[in-house]
Structures are given as structure tokens and as C-alpha cells.
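Line by line, the protein sequences give chains A and B. Residues 1 to 423 in this note's numbering are what the first sequence spells out, letter by letter. Residues 424 to 548 in this note's numbering are what the second sequence spells out, letter by letter. No residue lacks a Cβ here, since even glycine has one placed at the ideal position from N, Cα and C. Since we're looking at a predicted model, the values are computed, not measured. Some notes on the structure that comes next.
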Amino acid sequence: MAQKSTLGVSTSTLAADMTLGKVSGAASSNVFETVNQSMNVTDAVTYSRPRPVSISQNLGLTDVASRAYTVNADSTISMNQIVSEFNYVGDRQPVGHSLNLTQTVQTLAGIALEQSLGITDSVAVQAPIKPAINHFLGLGHHTSTPHRAWFTENLGITDLVRTPIPQALSNTINMTDLVDMIRPVSTMNITQAVSVGKGFDVTSNINITHNNVVLSNWIRSVGDPTGIGHSLTYYSDSPCNRKQYTPFQGDITSNTDTTPPPNELQTPQGSLTDRFSLYYPAVGGRTYEVTLRAPELDNRDRNAYTRVNRETRGGKLSVFADPDWPAVRTLAVTIIGLTETEVDELQTFLQATVGMEVGLTDWEGRIWVGFVTNPQEVATQDGKNRWTVTMEFQGEMDTAEHPGGDDDGMTLNLTHSATAVIV
Amino acid sequence: MKAPFPSVRTTTLLPSPEFGDSKGLTASITDMRAIDGTLYTYVKSRNGRKKFNWQFELSRHKALELRAFINSYYGKLIQVIDHDGDEWIGYLRSNPFEFAGSGRAGDGWPGGETMTVIIEFEERS
């Protein structure tokens with residue numbers, strides 16, 4: 001078969017030998033057949049003028065074998081492209097090979113798929129041009145079952161450039177592992193060796209990027225719902241410790257919602273006197289003030305708390321109290337031996353400050369802030385110019401330190417609240 | 424007295440109470456007599472719970488310590504080891520807690536005064 005063209009003469013020779021043979025004596029259904037196909041295609045182009053032409057070969061081979069027994073399906077393709085004097089200086093036409101090989105094996109049992117593909121491009125350059133050699137290899141293994149499958153990819157890339165001037169060698173390998181529910185492992189071994197006659201820098205740039213795409217993020221936390229903790233207390237039993245202010249404070253890591261008693265006794269703001277002063281306002285410059293002698297013994301310091309008492313059906317007692325619930329502290333005193341003038345001054349003070357927050361400095365120098373709850377209490381004359389009064393004062397002991405004493409008129413910004421409970 | 428029970432942290436040491444302390448059951452009984460004279464009793468046994476009354480005479484400073492202890496743990500379980508060495512778990516039941524100045528005191532009593540307080544204590548169960 002010959003064809004004329006303006007470029008030259010192209011001659012194609014197709015020689016095909018096809019042989020179909022049967023095994024003799026195969027009268028039953030078990031017929032073994034052997035099919036051999038050999039096809040040789042040769043394209044030869046003779047140039048009449050040195051113009052670039054193209055040569056392409058498209059060859060598709062399909063072997064289909066389907067048997068109940070083990071068979072072999074092999075495809076062997078040998079492609080040789082020999083081009084001489086194809087490139088001119090400045091015409092940088094690459095030599096390309098495109099191979100698409102697909103092996104598909106369907107089996108019910110575990111099987112190993114393996115593809116070994118070796119491609120070698122050799123370009124011998126005799127002129128100082130810069131050829132480019134690129135290999136793009138795409139290998140994909142697919143199996144229909146997720147169990148008992150081994151994937152093996154052997155990939156060998158060799159770039160050989162022989163040139164008298166420095167050229168660039170680059171290897172780019174992209175490996176992608178897509179694995180669900182197990183740990184993906186990617187192992188890459190990259191070796192670059194450059195042998196040149198002159199010293200050059202050998203640079204290896206390896207960029208590795210791990211992208212973890214997580215569809216859900218399950219945050220695990222460690223909790224201690226059992227409330228396990230420890231506590232420690234101690235005491236030293238001695239006669240002094242039964243009299244002194246000595247609360248023995250240990251340590252506790254659980255049930256810390258309670259404020260323990262202070263370790264130190266509060267120091268009185270004033271000095272120990274035998275006087276009992278009432279004044280208004282409680283803090284700041286005083287507009288009303290009355291000072292009496294210290295009250296009698298048998299004074300009362302009442303501390304009433306708000307609690308909830310419950311008793312279960314089985315007779316178990318439960319008591320609950322919130323520290324934020326009001327607690328009422330009342331100071332009840334009786335003062336005797338007052339003169340009528342002092343009684344009048346006291347009643348004048350009570351009349352002027354009834355229901356108002358007043359200050360009180362007791363005989364120990366402690367400062368209280370509150371109000372007198374019984375201004376209607378009568379004063380009794382016990383003898384000649386001897387009067388007795390009883391007073392109840394509801395409030396809180398002031399824990400603030402007053403600089404410069406309690407009567408220097410300095411103003412402090414303190415806020416006190418008192419709750420009156422009617423019983 | 425130790426509190427808060429069971430993770431006790433604070434211990435307050437008190438002298439032995441005054442004579443006159445008491446210890447009793449909290450059980451109660453209601454009797455009903457039917458028209459035919461039959462006697463019926465309705466009982467709240469309260470699981471054998473006991474309540475105690477102790478009166479202490481304290482120094483002024485110890486009274487302030489006891490008040491601070493009560494102020495912190497008046498709603499908490501308290502462990503009490505009494506003057507007989509018996510251990511009780513329960514709640515302070517007094518309300519109000521009244522500290523009364525009972526007299527002057529010498530130098531051996533910190534605060535210069537003695538104070539008396541009555542503590543009512545009731546077992547949990």
C-alpha cells in the first residue's frame with residue numbers, strides 16, 4: 001500500500017498472521033481454544049524536504065478471556081519510536097510517549113494487583129540545547145472489596161541528562177493516600193544525586209503537606225463526677241486552746257462552698273473603754289451622738305439564721321441553709337444607773353434617728369452599724385436619779401478599719417444593709 | 424466540734440459543758456382513744472434520733488470563735504465528740520444562738536469576760 005503526498009512518499013506495510021486452532025478430539029463442551037494475534041505495523045516516512053512532520057501510532061489491543069478456570073490475560077505492547085534529525089536548533093519538539101495500560105481482574109477472593117511499568121526516555125543531545133524530559137505516570141489500583149486487598153505501587157523514575165552545560169534535574173512525586181477510619185501512612189524516599197564535572201550546589205526541596213480532613217471532631221474530656229476529694233483537720237487539746245481564739249483550720253479540696261471562720265480574731269477598731277456610744281450617721285461626720293456608761297453583764301448577742309429543716313419519712317433530719325439567706329444579729333443590752341438627763345438625751349437621739357441606720361461603739365471598742373429596734377422601750381427609774389433602759393440593736397459588726405479613729409469626722413464609703421425580720 | 428462533715432476541715436475545741444446538759448429522744452407519740460375505749464397510739468419514732476442541750480461557759484474569745492464557727496457551719500453537718508467521748512453527727516438546732524455575757528473574768532480568760540451559750544444539737548439519724 002503506497003500513498004503519494006506533497007511531503008514525500010509514505011509506505012505502510014501491514015502483515016497480519018492469524019491462526020485459529022482447535023484441539024483435536026474436543027467433542028465435548030470442554031473446548032480449549034488458543035487465539036494468537038500477531039500484528040506488526042511499520043510506518044516509514046522518507047522526507048523529500050527537511051520539514052517537520054508528525055508520526056503517530058494508535059494501537060488498541062483488547063484481550064478478553066472469561067473462563068471458569070484460571071486463565072491469563074496478557075497484553076504486551078512494544079512501541080518503538082525512532083526519530084532521527086527531527087529537531088532543528090530552536091525547534092524544541094519533545095519526544096512523547098503516551099501509554100494507557102489498564103489491567104482489571106475481577107475475582108471473588110483476595111488478590112494482589114500489581115503493575116510494573118518501566119518507561120525510559122533517552123535523549124542524546126549533541127548540540128547545546130535544553131531538552132526537557134517529562135514523565136507523567138498515573139497509576140491507579142481499584143478493587144471492589146475493602147477486605148484482603150494489598151495495593152502495591154512500584155514507581156521508578158530516572159531522569160538522565162547528559163549535557164556539557166548545567167541542566168536542571170527535578171523529580172516531583174505526588175502521593176495521595178485516601179484511607180477511612182484507619183491511620184494513613186505515607187513513606188517517601190527521595191534521593192537526588194548529581195554528578196557533574198564542576199561543583200554546583202545540590203538542592204533538595206521537599207515539600208510535604210499533610211491534610212487531615214476530619215468530618216467530625218469528638219472532644220473527649222476527663223471529668224470527676226464522683227466528687228472525690230480530701231480533707232484534713234487537726235487540733236491540739238490544751239487548756240489554753242479551750243479558751244483562746246484558736247479555730248484549727250485544715251485543708252479541703254471538696255465541698256468548698258463554705259467560708260471557714262477567720263483564723264484571726266478581729267481586732268477592735270477602738271480601745272477598750274467603759275463607754276457605750278450611739279451616733280448618727282454611722283459613718284462620717286456625726287450630727288447626733290449620745291454616750292452612756294457600759295451596759296450591765298447579761299448582755300445578749302443573738303445570732304439568728306434562716307434555715308430549712310426537713311425530716312424524711314424514715315426519720316432522717318436534713319437541714320439546708322444558703323449563706324446568702326439573711327442572718328440577723330441582735331445586740332441586747334441593759335444599762336443602769338443613768339441620770340434623767342442621759343435618759344432624755346438617749347430618747348432625743350432615738351426620736352431623731354428612729355428607723356435610721358446608726359453607729360454603735362461598744363465597750364470593747366467594736367463598731368456596729370444598724371438600728372435600734374425598740375425605741376418604744378420605757379426607761380425605768382429604779383431609785384433617786386437612777387434610771388434603767390433596755391435596748392436592742394440589730395446590725396452587723398463593722399469589719400472595716402477606720403483610719404484615724406472612729407470620731408475624726410472622716411468620711412468612708414461603706415455600705416451596710418440590714419434586714420428586719422418580724423417574728 | 425468538726426465541720427463540715429464528712430470532709431471536716433475546721434475543728435473548734437470547747438471546754439466541757441456545764442452540768443445540766445441533756446440528752447433525749449426526738450420520738451413523739453399521739454394517742455387517740457376510740458369511742459369504745461380502745462387506745463390507739465400514733466408514733467413518730469424519728470429513727471431513734473437524739474437531741475442534746477449543752478450549756479457552755481466560755482471565755483470571750485472562745486465565744487467569738489464559737490460564733491464564727493456557727494456562722495460558717497450553721498447549715499452543715501457537724502461532727503461532735505462530747506465530753507464522754509461519744510461521737511455524734513448532726514446539725515446545730517438552736518435559733519437564735521444567744522451568747523450572754525455572764526460575768527467578769529480574770530487574766531486567764533482571754534477577753535476579760537465569760538459568756539454562756541446554750542447549744543442545741545440534733546442527730547441526723
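| Check | Outcome |
| --- | --- |
| Counted within 10 angstroms of its Cβ, other Cβ atoms place His506 of chain B as buried (16 or more) or exposed | exposed |
| Contacts of Asn518 of chain B in chain A (Cβ-Cβ under 8 Å) | Ala304, Tyr305 and Arg307 |
| Any chain A beta carbon closer than 7 Å to Ser430 of chain B | yes |
| Near-chain A residues of the segment 470–493 of chain B (beta-carbon distance less than 7 Å), N- to C-terminal order | Asn470, Arg472, Ser482, His484, Lys485, Leu487, Glu488, Arg490, Ala491, Phe492 and Ile493 |
| Classification of Gln394 of chain A by the beta-carbon crowding that lies within 10 angstroms, buried from 16 upward | buried |
| Cross-chain neighbours of Asn374 of chain A in chain E, by beta carbon under 8 Å | Although the question refers to chain E, the structure presented lacks it and instead comprises the protein chains A and B. |
| Paired residues, beta bridge with Thr361 of chain A - DSSP | A:Ser277 and A:Ile367 |
| DSSP three-state assignment for Ile335 of chain A, whether helix, strand or coil | strand |
| Inter-stretch contact (C-beta, 8 Å, three-pair minimum) for the segment 470–483 of chain B and the segment 491–499 of chain B | no |
| Cutoff 7 Å; reference Tyr305 of chain A; Cβ partners in own chain excluding five residues on either side | Ala321 and Ala327 |
| Secondary structure, beta strand (DSSP E): runs of 3+ residues fully inside the segment 438–488 of chain B | 445–448, 451–456, 462–467 and 473–482 |
| Beta-carbon spacing of Val358 of chain A, Tyr245 of chain A below 7 Å | no |
| Identity of the residue in A:Glu377, A:Gln381 and A:Gly383 nearest Glu392 of chain A by Cα | A:Glu377 |
| Classification of Ile335 of chain A by the beta-carbon crowding that lies within 10 angstroms, buried from 16 upward | buried |
| Closest residue to Ala379 of chain A among A:Glu345, A:Glu364 and A:Gly355 (Cα-Cα distance) | A:Glu345 |
| Separation of Val354 of chain A from Leu338 of chain A, as counted between CA atoms | 21 Å |
| Asp301 of chain A - partner residues in DSSP beta bridges | A:Leu331 and B:Phe522 |
| Buried versus exposed, by CB contacts within 10 Å (16 or more), Lys384 of chain A | exposed |
| Glu521 of chain B at chain A interface by Cβ criterion, 7 Å | yes |
| Residue range of the unbroken beta strand (DSSP E) whose run includes Phe393 of chain A | Arg386 to Met397 |
| Contact belief for Thr449 of chain B with Thr233 of chain A at Cβ below 8 Å, rounded distance in angstroms | That belief does not hold up - the Cβ atoms of Thr449 of chain B and Thr233 of chain A are roughly 28 Å apart, past 8 Å. |
| C-beta contact flag for Arg307 of chain A and Thr330 of chain A at 7 Å | no |
| Interface residues of the segment 429–451 of chain B facing chain A [CB-CB below 7 Å] | Ser430, Val431, Arg432, Thr433, Thr434, Thr435, Leu436, Leu437 and Pro438 |
| For Ser424 of chain A, the nearest candidate out of A:Asn374, A:Gly370, A:Thr291 and A:Glu364 (CA to CA) | This structure cannot settle anything about residue 424 of chain A, because the visible part of chain A is limited to 1 through 423. |
| Unbroken beta strand (DSSP E) run spanning Pro311 of chain A, endpoints | Checking the sequence shown, residue 311 of chain A turns out to be Glu, not Pro. Segment Val308 to Glu311, the beta strand (DSSP E) holding Glu311 of chain A. |
| Test: Tyr465 of chain B CB closer than 7 Å to a CB of chain A | no |
| Beta carbon proximity, Val319 of chain A to chain B, threshold 7 Å | yes |
| C-beta neighbour in chain A for Gly529 of chain B, strict 7 Å | no |
| Close beta carbons around Ala27 of chain A, own chain, < 6 Å, minus the five adjacent residues each side | The predicted position of Ala27 of chain A is uncertain, since its pLDDT is 38 and thus under 50; no value can be drawn from it. |
| Gly460 of chain B beta carbon less than 7 Å from that of Leu297 of chain A | no |
| Cβ-Cβ separation, Pro261 of chain A to Glu488 of chain B (assumed contact under 8 Å), whole Å | 7 Å |
| Integer Cβ distance of Thr539 of chain B from Gln478 of chain B, believed to fall under 8 Å | 6 Å |
| CA-to-CA distance, Asn263 of chain A to Gln249 of chain A, given in whole angstroms | 7 Å |
| Proximal residues, the segment 501–512 of chain B versus chain A, C-beta separation under 7 Å | none |
| Closer than 7 Å to chain A by CB, Gly460 of chain B | no |
| Glu340 of chain A versus A:Tyr235, A:Trp387 and A:Glu289, residue with shortest Cα-Cα distance | A:Trp387 |
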